[in-house]
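**Q** Quick one: the structure is below, questions incoming.
Numbering (this note's numbering), first residue to last: 3 to 535.
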């Protein structure tokens with residue numbers, strides 16, 4: 003996993019750009035970190051940008067690779083590289099500093115997020131800050147941590163892993179697949195495997211802050227990125243200028259009891275689903291195709307699918323796991339909720355042919371949901387020895403940070419208990435970290451577990467949606483109470499995270515980032531769009 007500087011730079015930056023050197027402990031301000039050397043971004047990097055980024059905007063983007071120690075307790079030891087992309091401030095003469103963005107995951111690639119920062123910020127912020135996206139260690143272009151050498155190895159291991167194991171055979175195959183997966187990680191992931199904690203990411207971030215010349219950090223983190231922001235605020239409170247965290251985890255619970263954290267995470271999905279079904283009925287069938295005692299229809303659908311799949315008019319087979327997986331994914335945004343409900347109605351119609359006459363399945367938009375861990379295997383028949391191009395940072399971070407029992411012996415009992423408490427998502431949630439992390443090859447890792455109450459000069463701004471599925475609103479309330487200096491603002495909204503989709507919340511966040519005027523505690527804002535409007 004050792005990454006040589008020349009290889010890193012050639013992969014991301016054109017020309018003779020040399021990355022900055024992370025050669026000193028992140029705990030020492032008097033370090034020898036060299037300035038980040040920005041250069042033209044490679045063509046394949048720019049090719050990943052969406053069409054909304056104009057040619058003029060693309061021309062202004064620059065890239066760099068920042069070297070950091072693999073092990074921050076050995077600052078002169080082996081290095082790894084952090085890929086960064088910068089969108090420069092519109093008005094450099096009035097620039098305040100840089101804002102670092104993290105989209106969450108863990109394992110989410112953030113490299114291109116700076117380039118699309120107009121999705122989150124208005125002119126008042128973009129005029130005054132460089133916005134920097136980056137891939138955290140082990141992710142995407144930052145020396146990706148990979149548990150497999152070929153796609154065939156990955157496919158063989160994952161073939162037996164069910165997203166919703168119910169039968170004895172499914173449970174047994176899934177537990178064996180999870181063990182095989184972690185065995186492959188032990189063999190192939192390399193030295194970085196032992197240094198994937200959020201604390202390590204935070205210490206990388208502090209090197210990056212210094213490399214871009216900022217005395218204090220400005221950071222906006224979404225979802226898992228809220229753990230990065232809150233950890234930075236507690237390890238480096240004096241170096242924190244403005245930190246905004248949106249879609250918050252409960253840091254204390256996550257870092258001390260992974261099992262209980264995931265159990266409560268399943269409950270958050272249940273809360274969001276229940277609210278969505280009630281909102282659907284309130285909107286009526288003209289605006290929500292699944293309306294008409296939506297909760298009962300959904301429960302009847304689950305019971306029917308437990309006996310066997312439904313067949314849509316186009317021949318597609320839909321299983322119970324398909325429905326739960328798609329609902330879990332589509333609850334993340336209002337746009338996806340609006341496409342989810344006609345699809346649910348099409349499944350309901352397939353299970354109840356008498357209802358089909360009242361619903362035109364031609365209106366269904368079939369958008370597949372992402373897999374539970376945000377990654378996924380390729381549903382193709384690859385040629386022999388196909389290179390494995392994904393990364394396995396999701397589990398590398400979660401299994402390092404979140405403590406779990408070191409055995410899967412009681413998984414079936416735990417999953418059954420969670421299913422009683424969270425009938426739709428309990429077993430589904432248990433089929434992720436609770437399966438892989440007990441046999442993860444890194445035990446007792448070096449990770450930050452607190453304190454969480456160190457005071458920053460400026461309050462950390464905590465943003466929470468009432469009906470956030472992945473990080474329930476209760477987590478945002480806990481985050482704001484655990485931090486030593488925080489302000490909680492709320493949005494009466496569905497979806498996971500909200501910045502860029504609520505004009506009121508965006509305005510107070512912009513005022514905070516630019517002028518350090520923290521929003522008043524307890525303000526509640528509305529989203530720009532509600533489901534079924």
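Using N, Cα and C, we set each Cβ at its ideal position, and we do this for glycine too.
1. Where do the ends of the beta strand (DSSP E) carrying residue 462 lie?
2. Express the C-alpha separation of residue 265 and residue 48 in angstroms, rounding to a whole number.
3. Helix, strand or coil: which one does DSSP assign to residue 290?
4. Does DSSP classify residue 68 as helix, strand or coil?
5. Taking the alpha helix (DSSP H) that residue 349 falls in, what are its first and last residues?
6. Apart from the five residues just before and just after residue 267, which ones in its own chain have a Cβ nearer than 8 angstroms to its Cβ?
7. Can you tell me the Cα-Cα spacing of residue 316 and residue 349, whole angstroms?
8. Going by alpha carbons, who is nearest to residue 297 out of 286, 276, 311 and 309?
9. Please name the residue, chosen from 305, 295, 236 and 101, that lies closest to residue 216 on a Cα-to-Cα basis.
10. According to DSSP, what are the bridge partners of residue 42?
11. Quick one, which of 131, 77, 65 and 56 has its alpha-carbon nearest residue 91's?
12. Count the other CB atoms within 10 Å of the CB of residue 412; is the residue buried (16 or more) or exposed (fewer)?
13. Over what stretch of residues does the beta strand (DSSP E) that includes residue 104 continue unbroken?
14. Report yes if the CB atom of residue 403 is closer than 8 angstroms to the CB atom of residue 258, and no otherwise.
15. Name the DSSP beta bridge partners of residue 132, please?
16. For residue 220, which three-state DSSP category applies?
17. Any idea if residue 74 is buried or exposed, counting beta-carbon neighbours within 10 angstroms, 16 or more meaning buried?
18. In three-state DSSP terms, what is residue 402?
19. Compute the distance between the beta-carbons of residue 481 and residue 232, then report whether it is under 8 angstroms.
20. Which term fits residue 88, buried or exposed, when burial requires 16 or more other beta carbons within 10 angstroms of its beta carbon?
21. In the DSSP output, which residue or residues are listed as bridge partners for residue 86?
22. Nearest-angstrom Cα distance between residue 109 and residue 318?
23. Which term fits residue 421, buried or exposed, when burial requires 16 or more other beta carbons within 10 angstroms of its beta carbon?
24. Do you know offhand how far residue 63's Cα is from residue 135's?
25. Using DSSP with H/G/I as helix, E/B as strand and the rest coil, what is residue 176?
26. Going straight from the alpha carbon of residue 254 to that of residue 484, what length do you get?
27. Can you give me the start and stop residues for the beta strand (DSSP E) that residue 168 sits inside?
28. Residues bridged to residue 319 by DSSP?
29. In this structure, how does DSSP classify residue 419 when only helix, strand and coil are distinguished?
30. Since residue 458 sits in a beta bridge, which residues does DSSP pair it with?
31. By DSSP, does residue 276 sit in helix, in strand, or in coil?
32. According to DSSP, is residue 54 helix, strand or coil?
33. Select from 494, 465 and 187 the residue whose C-alpha is nearest the C-alpha of residue 523.
34. Thinking residue 2 and residue 494 are a contact (beta carbons under 8 angstroms), I'd like their distance in whole angstroms, please.
35. My output table needs one value for residue 473: the three-state DSSP class, helix, strand or coil.
36. Let me check understanding here. Comparing Cα to Cα, which of 84, 69, 58 and 178 lies closest to residue 78?
**A** In this structure, then:
1. Here residue 462 is taken as the residue at index 460 of the chain shown, counted from 1. Counting along the chain, residue 462 sits inside the beta strand (DSSP E) bounded by residues 462–469.
2. Along the chain shown, read from residue 1 onward, the residue named residue 48 stands at position 46. Along the chain shown, read from residue 1 onward, the residue named residue 265 stands at position 263. Straight-line Cα distance between these residues: approximately 40 angstroms.
3. Taking the chain shown and counting its residues from 1, the one referred to as residue 290 is at position 288. If DSSP states are grouped into helix, strand and coil, residue 290 belongs with coil.
4. Start at 1 with the first residue of the chain shown, and residue 68 comes out as number 66. Three-state result, residue 68: strand.
5. Reading the chain shown from its first residue, position 347 is the one you call residue 349. It spans 336–353 - the alpha helix (DSSP H) in which residue 349 sits, taken as one unbroken run.
6. Counting from 1 along the chain shown, the entry for residue 267 is found at position 265. These residues qualify, in order along the chain: 431, 472, 473 and 474.
7. Along the chain shown, read from residue 1 onward, the residue named residue 316 stands at position 314. Along the chain shown, read from residue 1 onward, the residue named residue 349 stands at position 347. Looking at the two C-alpha atoms, the distance is approximately 12 angstroms.
8. Position 295 of the chain shown, counting from 1, holds the residue named residue 297. Cα-wise, what sits closest to residue 297 is 276.
9. By 1-based counting over the chain shown, the position of residue 216 is 214. Comparing Cα-Cα distances from residue 216 to each of 305, 295, 236 and 101, the minimum goes to 101.
10. Residue 42 sits at position 40 when you count from the first residue of the chain shown. In DSSP, residue 42 forms a bridge with 64.
11. Residue 91 sits at position 89 when you count from the first residue of the chain shown. Residue 131 is the option with its Cα nearest to residue 91.
12. For the purposes of this step, residue 412 is taken as residue 410 along the chain shown, with counting starting at 1. Per the 10 Å Cβ criterion, exposed.
13. Residue numbering aside, residue 104 sits at position 102 when the chain shown is read from its first letter. Its beta strand (DSSP E) spans residues 99–104.
14. On the chain shown, position 401 is the one that residue 403 refers to. On the chain shown, position 256 is the one that residue 258 refers to. Note that the C-beta distance between residue 403 and residue 258 is not below 8 angstroms.
15. On the chain shown, position 130 is the one that residue 132 refers to. In the DSSP output, where bridge partners are listed per residue, residue 132 has 100.
16. As a position in the chain shown, residue 220 is number 218, starting the count at 1. Residue 220 falls in the strand class under three-state DSSP.
17. Along the chain shown, one-based indexing puts residue 74 at 72. The residue is buried, with at least 16 neighbouring Cβ atoms inside 10 Å.
18. Taking the chain shown and counting its residues from 1, one reaches residue 402 at position 400. It is helical.
19. Numbered from 1 along the chain shown, position 479 holds the residue referred to as residue 481. Numbered from 1 along the chain shown, position 230 holds the residue referred to as residue 232. In contact: residue 481 and residue 232 (Cβ atoms closer than 8 angstroms).
20. Along the chain shown, read from residue 1 onward, the residue named residue 88 stands at position 86. Per the 10 Å Cβ criterion, buried.
21. Counted from its first residue, the chain shown places residue 86 at position 84. Bridge partners of residue 86: 66 and 136.
22. Reading the chain shown from its first residue, position 107 is the one you call residue 109. Reading the chain shown from its first residue, position 316 is the one you call residue 318. About 31 angstroms.
23. Within the chain shown, numbered from 1, the residue matching residue 421 stands at position 419. So residue 421 counts as buried.
24. As a position in the chain shown, residue 63 is number 61, starting the count at 1. As a position in the chain shown, residue 135 is number 133, starting the count at 1. Taking the straight line from one Cα to the other gives about 11 angstroms.
25. Within the chain shown, residue 176 is the residue found at index 174, counting from 1. Helix at residue 176.
26. As a first step, residue 254 is located in the chain shown; it is residue number 252 there, counting from the start. As a first step, residue 484 is located in the chain shown; it is residue number 482 there, counting from the start. Spanning the two alpha carbons is a distance of roughly 8 angstroms.
27. The residue you call residue 168 lines up with position 166 of the chain shown. Run containing residue 168: none; DSSP gives neither H nor E here.
28. Along the chain shown, one-based indexing puts residue 319 at 317. Looking at the DSSP assignment, residue 319 forms a beta bridge with 313.
29. Position 417 of the chain shown, counted from the start, is the residue given in the question as residue 419. Helix, per DSSP.
30. Indexing the chain shown from 1 puts residue 458 at position 456. Beta-bridge pairing links residue 458 to no other residue.
31. The residue labelled residue 276 in the question sits at position 274 within the chain shown. Residue 276: helix per DSSP, three-state reduction.
32. Within the chain shown, numbered from 1, the residue matching residue 54 stands at position 52. Correct three-state label for residue 54: coil.
33. If you number the chain shown from 1, residue 523 lands on position 521. Taking only the C-alpha atoms, the option nearest residue 523 is 465.
34. With the chain running from 3 to 535 in the structure shown, residue 2 is simply not present.
35. Residue numbering aside, residue 473 sits at position 471 when the chain shown is read from its first letter. Residue 473 falls in the coil class under three-state DSSP.
36. Locating residue 78 in the chain shown gives position 76, where the first residue counts as 1. Nearest option by C-alpha distance: 69.
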